[in-house]
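Chemist: Just so we're aligned, residue 7 is where the sequence shown starts under the working numbering, counting upward by one. By construction, the Cβ of each residue, glycine as well, lies at the ideal position given by its N, Cα and C atoms. Given the structure is predicted, the values throughout are model-derived calculations rather than measurements. Shown below is the structure under consideration.
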Amino acid sequence: MAYIALRGAALAAIAALIHWVYRWRHPKCAGTLPPGSMGIPIIGETLQFFAPNPTCGLSPFVRDRVKRYGSMFKTSIVGRPVVVSADPDVNHYVFQNEGKLFESWYPDTFTEIFGRDNVGSLHGFIYKYLKTLVLRLYGQENLKAVLLAETDAACRGSLAAWAAQPCVDIKDGLSTMIFDLTAKKLIGYEPTKSSESLRENFTAFIRGLISFPLNIPGTAYHECMEGRKKAMKVLKGMMKERMADPERKCEDFFDHVIQELRREKPLLTETIALDLMFVLLFASFETTALALTLGVKLLTENPRVVDALTRNTKRSSGTGRTQMPRSRGPSTSR
């Protein structure tokens with residue numbers, strides 16, 4: 007009798023396991039899910055997603071699945087079922103209808119890294135307010151009137167410094183240039199006047215940004231979280247100093263944030279403000295430096311384009327323009 011009961015329990019456990027695996031591979035959905043694979047139960051395809059990717063193009067994870075399933079496919083990453091879209095039209099439609107038909111959502115690991123009150127996790131009026139606040143710095147008018155000239159001056163200074171060196175790491179050099187420029191505009195940060203290297207903290211943060219979320223000393227994710235913690239400590243110290251001195255004006259983006267925090271009924275909290283500054287610093291320098299590095303790589307591989315750009319630059323020199331006219335030739339229009 008005991009043997010029969012044990013056998014029955016084993017069969018029931020096996021049946022439950024099979025049912026669980028089936029439900030994992032075929033998640034419920036109100037509509038029809040695209041083709042794809044949910045990977046191993048619980049883990050999903052997380053390991054494949056976080057695998058190192060040395061290429062400059064589309065990641066092998068997305069490329070292989072687009073080839074197998076099409077431009078939209080289902081998968082599971084970090085324990086969450088997701089649908090990945092590599093279709094530009096679909097992605098454009100999603101972004102155009104954000105807050106209407108679609109709502110931004112990020113996994114728990116993202117909010118741990120960028121902060122519980124980061125811009126991406128906010129919705130409604132406060133999100134629109136922060137967007138307006140950010141556009142004061144990165145809006146088209148300010149880009150033309152201020153940032154373009156300052157960026158040009160920073161580029162010329164960096165190129166002059168690089169010319170005196172035997173060799174230059176382009177990615178590191180561009181990251182330093184963009185970070186120093188961005189940090190000065192955002193928070194008035196001067197690396198030569200600070201005892202804490204804010205850029206080194208962000209570099210540590212970036213190294214573990216796309217890594218398996220295992221917060222144990224020695225892992226890339228732990229290094230990422232430590233980098234964020236140190237960077238936030240610097241930002242908190244700067245905020246404390248400015249809040250204690252109402253007369254201090256640095257003429258940077260932080261001034262607008264501090265001004266809002268001093269209002270009788272501020273829309274921002276100190277936590278939201280700090281997370282905002284952290285995200286802006288990260289987004290401003292890392293994505294720009296990476297794009298410029300890839301641009302340099304592509305230019306070195308296409309000397310005809312370099313020649314065309316050089317001719318355009320010589321023709322426009324002495325006109326006082328800060329924007330290079332766009333050529334309609336086949337080399338520079340691509």
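According to DSSP, is LYS34 helix, strand or coil?
Modeler: It is coil, neither helix nor strand.
Chemist: Cutting at 7 Å between CB atoms, please list the residues of its own chain near GLU229, excluding the five before and the five after it.
Modeler: The residues are ALA210, ARG213 and GLY214.
Chemist: Go to THR182, then tell me how far its alpha helix (DSSP H) extends in each direction, as first and last residue.
Modeler: Element bounds for THR182: 176 to 193.
Chemist: Per DSSP, what kind of secondary structure is SER359 in: helix, strand or coil?
Modeler: Not covered by the structure: residue 359. The range shown for the chain is 7 to 340.
Chemist: Rounded to whole angstroms, what is the Cα-Cα separation between LEU107 and TYR28?
Modeler: Those two C-alpha atoms are separated by around 30 Å.
Chemist: If distances are taken between C-alpha atoms only, which option among MET231, THR61, ASP158 and PHE55 comes closest to ILE83?
Modeler: ILE83 has its Cα closest to that of PHE55, out of MET231, THR61, ASP158 and PHE55.
Chemist: Measuring straight from C-alpha to C-alpha, what distance separates GLN265 and ALA250?
Modeler: About 12 Å.
Chemist: If you draw a straight line from the alpha carbon of THR275 to that of HIS262, how long is it in whole angstroms?
Modeler: Using only the alpha carbons, I get a separation of about 13 Å.
Chemist: With three or more C-beta pairs closer than 8 Å as the rule, is the stretch 238 to 258 touching the stretch 187 to 196?
Modeler: As far as the Cβ criterion goes, the stretch 187 to 196 touches the stretch 238 to 258, which means the pair count is three or higher.
Chemist: From the DSSP output, read off the bridge partner residues of GLY50.
Modeler: Its beta-bridge partners are ILE46.
Chemist: Quick check: ALA159 and ASP186, are their CB atoms within less than 9 Å of each other?
Modeler: No, these two residues do not count as a Cβ contact at 9 Å.
Chemist: Closer than 8 Å is the cut-off here; do at least three beta carbon pairs connect the stretch 279 to 288 with the stretch 296 to 303?
Modeler: The stretch 279 to 288, when compared against the stretch 296 to 303, does not touch it at the 8 Å Cβ threshold.
Chemist: Check the DSSP bridge columns for VAL96 and list the partner residues they point to.
Modeler: None; VAL96 has no bridge partner.
Chemist: To which residues of the same chain is ALA16 closer than 6 Å at the C-beta, ignoring the five residues directly before and after it?
Modeler: Hits under 6 Å: none found.
Chemist: Pick from GLY85, LEU64 and MET183: whose alpha carbon is nearest that of SER91?
Modeler: The shortest Cα separation from SER91 among GLY85, LEU64 and MET183 belongs to LEU64.
Chemist: Between the C-alpha atoms of ILE24 and VAL89, what's the straight-line distance to the nearest angstrom?
Modeler: Approximately 24 Å, taken between the alpha carbons.
Chemist: Go to LYS80, then tell me how far its beta strand (DSSP E) extends in each direction, as first and last residue.
Modeler: 78 to 83 is the span of the beta strand (DSSP E), which, as asked, contains LYS80.
Chemist: Pick helix, strand or coil for GLU104, following the three-state DSSP scheme.
Modeler: Strand at GLU104.
Chemist: State the beta-bridge partners of PRO172 as determined by DSSP.
Modeler: Answer by DSSP bridge pairing: none, since PRO172 is not bridged.
Chemist: DSSP state of ILE10, grouped into three classes?
Modeler: The answer is helix: DSSP assigns ILE10 an H, G or I state.
Chemist: Helix, strand or coil for SER91? Go by DSSP, reduced to three states.
Modeler: Three-state DSSP puts SER91 in a strand.
Chemist: For ALA295, count the other beta carbons within 10 Å of its own beta carbon; 16 or more makes it buried, fewer makes it exposed. Which is it?
Modeler: Result: buried.
Chemist: So, using beta-carbon positions, are LYS80 and PRO41 closer together than 9 Å?
Modeler: Result yes, Cβ atoms of LYS80 and PRO41 sit closer than 9 Å.
Chemist: Here's the rule: buried if 16 or more other CB atoms are within 10 angstroms of the residue's CB, otherwise exposed. What is ASN97?
Modeler: Exposed, because fewer than 16 other Cβ atoms sit within 10 Å of the Cβ of ASN97.
Chemist: Could you compute how far the alpha carbon of PRO331 sits from the alpha carbon of ASN318?
Modeler: Because PRO331 carries a pLDDT of 47, less than 50, the predicted location of this residue cannot be relied on, and no value is offered for it.
Chemist: Skipping 5 residues on each side, what residues in its chain have a beta carbon closer than 7 Å to that of ALA237?
Modeler: Closer than 7 Å at the Cβ level, and outside the excluded window around ALA237, lie LEU204, ASN207, PHE208, PHE211 and PHE284.
Chemist: DSSP three-state label for ARG74, please.
Modeler: In this structure, ARG74 counts as helix in the three-state DSSP scheme.
Chemist: Using the beta-carbon count (16 or more within 10 Å), is GLY233 buried or exposed?
Modeler: With 16 or more other Cβ atoms within 10 Å, it is buried.
Chemist: Just list the alpha helix (DSSP H) runs in the stretch 194 to 253, keeping only unbroken ones of 4 residues or longer that don't cross its boundaries, in chain order.
Modeler: Counting whole runs of 4 or more residues, the stretch 194 to 253 contains the alpha helix (DSSP H) stretches 204 to 213 and 226 to 250.
Chemist: Would you kindly work out how many angstroms separate the C-alpha atoms of GLY179 and SER164, rounded to a whole number?
Modeler: Their backbone Cα atoms lie some 8 Å apart in a straight line.
Chemist: Taking 6 Å as the limit between beta carbons, can you name the residues of its chain near GLU118, skipping five residues before and five after?
Modeler: Within the same chain, GLU118 has no close Cβ partners at all.
Chemist: Between CYS62 and the rest of its own chain, which residues show a CB-CB distance below 8 Å, the 5 nearest in sequence each way excluded?
Modeler: Excluding sequence neighbours, CYS62 sits near LEU300 and LYS303.
Chemist: How big is the Cα-Cα spacing for MET44 and PHE218?
Modeler: Straight-line Cα distance between these residues: approximately 17 Å.
Chemist: With a Cβ-Cβ cutoff of 9 Å, do MET78 and ASP93 count as a contact?
Modeler: Cβ atoms of MET78 and ASP93: closer than 9 Å.
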